[in-house]
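Chains as they are written, first to last, in this note's numbering: chain C, 1 to 573; chain H, 574 to 1538.
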Amino acid sequence: MRYKFFITIVAFVIFLGACQKDFLQMPLSSTTTVDSVFSTTTNALSAVSQAYSESLSQGITYQGAWAYWNAMLQENISGALNYGFAWSVSEPMIMNGYTASGTSEDMDGFNYNYTAIRQDYLVAENIDKVKDMSASDKVLIKAEMQALVAYRYEQMMIAYGGVPIVSKTFNAGDNLAVKRNTVLQVLDSVVSWCDQSAAILPSQWPAIYTGRMTKAGALAIKAKALMYAARPLLNTATPYLNFGSNNNLICLGNADPSRWTTALTASEAVITEAESNGGAHLINTGNPLADYGTATSTPGNAEVLLAYKNDNGSSDASGKGPMACFYNMHTWYAYGNMLTENFLENYYKADGTEQSWPDLVTVTPFSDYLTKMGQMEPRYQADFKNWQMDAANNPGDSYWSNANDYQWGSNSVSIPTKFYYKAGTRGWFEFPIFRLAAYYLSSSEAYNEIGQTANALARLNKVHTRAGLPAVTTTDQATLRTIIQREWAIEFFDENYRLHDVKHWKLPNIGNGIIGGNIYGFAFNNGSISTQYGNINYQKTLIYTAFWAPREYLNPFPQSEVNKGIIVQNPGY
Amino acid sequence: MKKNTRRSILVFLFAAVVLFCQVLLAQVKKNLPAHDSVMVELNYEKAKGIEQGPYFEFNKNESAISNPSVSGTVLYKTPVPNITNTLYGVLPGLAVRQGSGEPGYDGASLSIRGKGTYDNAGLVIYVDGFQTTSSYFQYLSASEIESITVLKDPVSLSTFGMKGANGVLWIVTKRGAICKPTVQIQVVDGVQQALNIDKPYGSYDYARLYNQAISNDNYALNGNQYIYIPKYSAAQLQSYQNGTGTNVDWYNQALRKNGPFTNANVVFTGGDHSAKYGVVLDYMRQQGLYNVATGSNTSNAQLERFNIRTNLDFNFLKIFEAKVDLGGRIEDRRFPNYNGPQLWQDLSVYPSNIYPIKDAATGNWSGTTIYPNNPVASLNALGWASTHDRTLQANFNLKEKLDFIAPGLYLNEAASFNTWSRTAASNTATYARYYNGAQTTTDKTTNIVNNGTTAVDQYDWKQANITAGYDKHFGAHAVTAALNYYASNYITDAGLNTAGQNTGTNIYYHFENISGKVNYSYKSTYLLDLGFAESGSDNYAPGSRWGFYPSLGAGWVISNEDFLKNNKSISFLKARIGVGKSGNDQSNNGRYLYQQYYTGSGSFYTGNSLSGNSGIVQSYAANPNIFAEQSMKYNAGFDAVFLKKLTVNADVFLDKRSGIITQNNSLMAVYGSSQPYSNIGKVTNRGFEVNANYTDKVGQFKYNIGGSMTYAKNRIDYMSEIPPVNAFSKLTGQPTDIPIGLVATGLYNITDFNADGSLKAGLPTPAFGAVQPGDIKYKDLDGNGTVDQNDVTRIGNPTLAFINYSFNANLAYKGFDLTVLFQGSTGSDINLLTAAYYQTVAFVNNTNVYPIAGKAWAYYPSAGIDTRATATYPRLTTQANNNNYQNSTFWMKKDDFLRVRNIEFGYNFSASALKKMHLEKLRIYLSAVNPFTWAYLKTHYNIDPETTSGYAGLKSYNSGITLTF
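Encoded structure:
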């Protein structure tokens, strides 16, 4: 009998074993997986687009009106523009300083850097899986991704000092305890990544692909990193705050004047490559307003080496593209971003001399405002619309007239109109990440620091005279340094240089009227605000007193990251 | 009511006809044994002594496993439409929380032994051995149910593998018995009423308080002076007071006091050794509380339910036993063509003075742009909508007794088909809104139109079970064992399939389980239970789909030992312990978390013609090792009978969860992606249950008193929490679902402010906007001078109470009997802002004001108003006051309550009287459901402790009759 019992059990077990093996297999559904992304060129190029979009968005209001981290301009916290409607993000930073917990980091936050970098590595690591793409295209894409990673690290080095270097996409199970690398290690990595990718990247892309990374673009990343490395904030043995054994996380560990030579070589290499092979040149037709306006505003113009060519669709509540939201004064989110008197002082009169502006006491007739504004240099005219005047950057365009473009009164100097030269009603623009002019100024700055004043003047005046101003002739190194710094401020207003430039130059007045200290505007109509028509008088007025502490030379890391115990917080936070 | 009476009479007539036939039949079939007793009573006894569960029933005394059961008869004592509302306090370890009373949407929430996880804590339901949906279970009729068992023992649950971690409800339906044909007819009829309606103030108080609110809002504009600037003039206030002004009690207008409820059923049972049958026909109709007729143009909320169950047993060819079970149901819901929760929200927020129901000038429905949806018009002028649900569970079971191979060996095969579909139909119209003779919105009055029928949703569930079992006694040894293979294939509609990631079009759910159980006893004194399951789920990557879940239980019947055998006070004593592993494969975070998905995202442009290139980005990072959450359960307890009268069961339990699917926030940012889901969460849940029952009689007076209590409290051991700025804000280390908020320290006084309206030096600055006297003051817990979201901490207990208890009494004297069941809970808190927002926050966004705000802070000496010393509510405002309406201790209230769930008073006719009527049993009774409630919230805020807002929870008063022949 017993054998029957066993036969039954065995039969039962065999029956179980015969069950369909794929019963638990996931069925086909409407989703994209890693296998399908990198199977065709079409999908792979989508991943490449995403890599550009994420990597180049650093510091730009690409996310639209309501995305918290992007609800301000860098110029708000550099003291150039009032904090305006974006007060929810920029006001606490301006008034109370940066804090590590929550709301006062620079733009879209530390963590997002690694989201962009992950996308870059993801493409580079998987592009070989694509079946219908040539091997040479794959090599090119890998070089592009390497340059994009370098761009993010170059920007992080400037804002944070030494940061964790990752060189692949992590898996969840990997050891993620990546500590901060030293500033020197980050710099060396950026330089070597740029050298490698520049060796592969083309000087120019076919027409349909323009905007992708070029050889000049990669060299530009390297040159920018080396210039900031040569400036005093990082190029020192004694950093802005003593960080003890971690000093090399916030400076390069020694003061080495030869870093200016290195920076100069890199900057000159950009100019050479861009002008000889890249088809780029400084736009100079002898019409300063148009030349500067075109260089900063026209999509795909000859002076731009790399731009943020973002989605310009209508993806936010106002029906405007995200980029328009905070740069275009026709969109209400942007209304509060107005020029401060502190920054106005940088601009020359069109004849190259200094303008004299009213003081806090004297009430001056408004006709004086109109007169003095009319005397300002072309770059000022291109970048700002004055009260009760039409915008000069869209001459004869009623859309940009005072009748149409006045939004509300304010106690500030004027309204920014940069990036919209002859743009009409076009809301979007391409944010210029690298313009060739920046490398003329880099070279000029470096020549001056190593004592080659004549060369410094030659490079500077290319930019300075293009703006219609008489050539600079001073040969005093210190005076020239100030003039070059002033040129950076004017030429690159609102192009995300100023905030970090003033820190890396360690300007003595940084806490007294630049980032911190009293920030002034103009009061109109007997201490009130401006009106659209019929303003009576104006005077200088205090808008707010901004915060500055030396810890703010570099940004804080998010407290939630520091709490994980791997990353060391920058000193003072 | 008249209709219902008529229907009851019809049912009685029907019963009388059946009765007559039965009497004839009974004469014919005299050779069969009589029904042992009334079937349900027989089965209740059976449910007490026999443990229900997967594979086999077994004698409780022979096993170390203990799970409580309740019979359908007990559940039937609570006449409610939804079976979940019969479960209060009758199953130790099962916590039941009442919800909405809306017909067709009135399920209570159920949890077994508290909550073991912060992920999906939903229990799993089996009817007749096959898993079903909660919706199938909810509208079973108590008349179809033989017993419900709460499976919470570690050994029982381990055999469910990946379905067992949160506990199982095991339902067995009624079957035939070997007896002469028996018919039982039951009818119960009653009225249902709202348990509680928290009514707002009328027009006078509304206007009076609005004047304060609007004046408060102008405080800063008036240079921080208390200037009374009323919106409503004294004349207007007077008109509200003397009844000449508009003063509509919307609740009174839109609702009626009573909703009728009827349930009638007929149960046929009988059979012999070759065939048995149990047939249940059940009809239920419930009407809602809306004051509107059910007809072709309008409809009250209504549920009609038709249940038919046919359970057949056959024995043939000596070795075969077959069961054919068909459980079918139709549910017809009708309701006004206006969303129920929205209607109740309108009722709670529309002030009494906005307009009369009909515009006086035109006689049309009133409505304005701010208050467009006149609640009375929503019921009367929009038509109605309905859904029609069809459900069938069809089970087939075949058992082969293989004693010819080895005595006690058998095989059993079973299959189940469960299908549900819903269609919708409606007759709808729209209406124009008028105010003071003018049309206020663009809506037009239209004729009512029929919109036809559309398919809405469906599911389909196929399951199969194959069991090999063995049951044998060798002298003092007894072995019962079973080995089972189970496969399940569930398909739902994409529209229903939305919880978590990657559901949507992934509508197929496949599951396999190989499991077994061995029960061994020696001399019925030393007991051993072994269980295991090998579960496979389709949610995981190939290679990590299967998990193994073993368990072990041991028991010792101490009272069988010589030293206790003849003890007079201890009649029975058993100690038992159990440990077992189980799992849960249905995470709220979603399915297929092992797959790397990509999603579209924005565009980047190239070329001067700006050709867009759409972006594609990795979504959360896949985790190839993702697996089911795991539970290790430990249980120890004893069962005892003292003096043959007092039964006591007590258990302590520990549930260690691990591998709870959680986004791994501890990963460094350098990871650079949405954190992957990992099996990293940990929760410990522990508690105890005590259950005691005392039965005795004094002469003809029989009584039974019982009580039970469950305590369950959990703690999050690890959840990869993003570290909060301050340690006191942490959720880790606290129970799941605790409320987090600020600590309120009262209201700001005038002395807290400088003349310019700024806060005096030394007081922390709140970061939620400007404050003024009468606003809520918070503690600056981290002492940084600012009160903000970093100052939040635990401000109370979760809504799911730590302690649930119940006690009951059954008294019988001659034919009369009285049963009472109390149930309550303690240790939970309610956040008024989430539980009853519109009853709490006055005026903001054009809402109403409730008596809770009657003692608001106000100071207008010129108007004779000064409540500064007695205020219990912050100053009133018509604006979104972010400071006052933060989650804080100010709005946290105790949610302790005790309810009488059920009282039944009945009379059973005596045997002699029955004989004359040719009946076996006749019982008439009166009952009340939820008649009394004691609750802190109800006493102080007129809010029901369980159904805090929306469609009111229900109580009811019923009369019924049961006759058997």
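In this text, a Cβ means the ideal position worked out from N, Cα and C, and glycines have one as well.
Note that this is a predicted model, so its numbers are computed, not measured.
With burial defined as no fewer than 16 other Cβ atoms inside 10 Å of the residue's Cβ, what is the status of residue i: buried or exposed?
{"i": "residue 1328 of chain H", "result": "exposed"}
{"i": "residue 942 of chain H", "result": "exposed"}
{"i": "residue 142 of chain C", "result": "buried"}
{"i": "residue 1111 of chain H", "result": "buried"}
{"i": "residue 846 of chain H", "result": "exposed"}
{"i": "residue 619 of chain C", "result": "In the structure as shown, chain C begins at 1 and stops at 573. Residue 619 of chain C is therefore absent and cannot be evaluated."}
When you compare the CB of residue i with every CB in chain C, is at least one pair closer than 7 Å?
{"i": "residue 1338 of chain H", "result": "no"}
{"i": "residue 1249 of chain H", "result": "yes"}
{"i": "residue 1031 of chain H", "result": "no"}
{"i": "residue 1168 of chain H", "result": "yes"}
{"i": "residue 1424 of chain H", "result": "no"}
{"i": "residue 1242 of chain H", "result": "yes"}
{"i": "residue 1196 of chain H", "result": "yes"}
{"i": "residue 1189 of chain H", "result": "yes"}
{"i": "residue 1109 of chain H", "result": "yes"}
I want to see whether chain H comes within less than 7 Å of residue i, judged by CB atoms only; does it?
{"i": "residue 101 of chain C", "result": "yes"}
{"i": "residue 211 of chain C", "result": "yes"}
{"i": "residue 23 of chain C", "result": "yes"}
{"i": "residue 91 of chain C", "result": "no"}
Hey, could you find the ends of the beta strand (DSSP E) residue i is sitting in?
{"i": "residue 752 of chain H", "result": "752-767"}
{"i": "residue 1407 of chain H", "result": "It is not in any beta strand (DSSP E) - residue 1407 of chain H instead sits in the alpha helix (DSSP H) that spans 1405-1408."}
{"i": "residue 705 of chain H", "result": "703-705"}
Check for me: the alpha helix (DSSP H) holding residue i runs from which residue to which?
{"i": "residue 1233 of chain H", "result": "Here residue 1233 of chain H belongs to no alpha helix (DSSP H); instead the beta strand (DSSP E) covers 1219-1236."}
{"i": "residue 265 of chain C", "result": "258-276"}
{"i": "residue 1125 of chain H", "result": "Where residue 1125 of chain H is concerned, there is no enclosing alpha helix (DSSP H), although the beta strand (DSSP E) it sits in stretches over 1119-1130."}
{"i": "residue 221 of chain C", "result": "215-230"}
{"i": "residue 1489 of chain H", "result": "1484-1489"}
{"i": "residue 142 of chain C", "result": "135-160"}
{"i": "residue 464 of chain C", "result": "453-466"}
{"i": "residue 503 of chain C", "result": "498-504"}
{"i": "residue 1307 of chain H", "result": "Neither: residue 1307 of chain H is in no alpha helix (DSSP H) and is coded neither H nor E."}
Thinking residue i and residue j are a contact (beta carbons under 8 Å), I'd like their distance in whole angstroms, please.
{"i": "residue 1124 of chain H", "j": "residue 1152 of chain H", "result": "7 Å"}
{"i": "residue 839 of chain H", "j": "residue 756 of chain H", "result": "7 Å"}
{"i": "residue 558 of chain C", "j": "residue 111 of chain C", "result": "7 Å"}
Taking 8 Å as the threshold, find out whether the stretch 748-766 of chain H comes into contact with the stretch 1476-1491 of chain H through three or more Cβ pairs. no
Original post:
Would you say the stretch 656-673 of chain H touches the stretch 925-933 of chain H, given that touching needs at least three Cβ pairs under 8 Å?
Top reply: no
Notebook entry, point to check: Is the stretch 1222-1229 of chain H touching the stretch 1191-1208 of chain H, taking contact as three or more C-beta pairs under 8 Å?
Noted result: yes
Open item on the list: Under 8 Å: do the stretch 400-407 of chain C and the stretch 358-376 of chain C share three or more Cβ pairs, one atom per stretch?
Closed with: no
query: Is it a yes or a no for the stretch 198-207 of chain C touching the stretch 267-282 of chain C, going by three-plus beta-carbon pairs under 8 Å?
result: yes
Tell me, please, whether the stretch 1316-1333 of chain H touches the stretch 1371-1379 of chain H by the rule of three or more beta-carbon pairs shorter than 8 Å. no
Would you call the stretch 1049-1065 of chain H in contact with the stretch 901-908 of chain H, where contact means no fewer than 3 C-beta pairs closer than 8 Å?
no
query = Three or more beta-carbon pairs under 8 Å between the stretch 820-833 of chain H and the stretch 720-730 of chain H, yes or no?
reply = no
Hey, is the stretch 803-815 of chain H in contact with the stretch 710-724 of chain H, meaning 3+ C-beta pairs nearer than 8 Å? no
| task | Count the C-beta pairs between the stretch 171-189 of chain C and the stretch 1186-1199 of chain H that are closer than 8 Å, then say yes if the count reaches three, no if not. | result | yes
Between the stretch 786-795 of chain H and the stretch 731-743 of chain H, can you find at least three pairs of beta-carbon atoms closer than 8 Å? no
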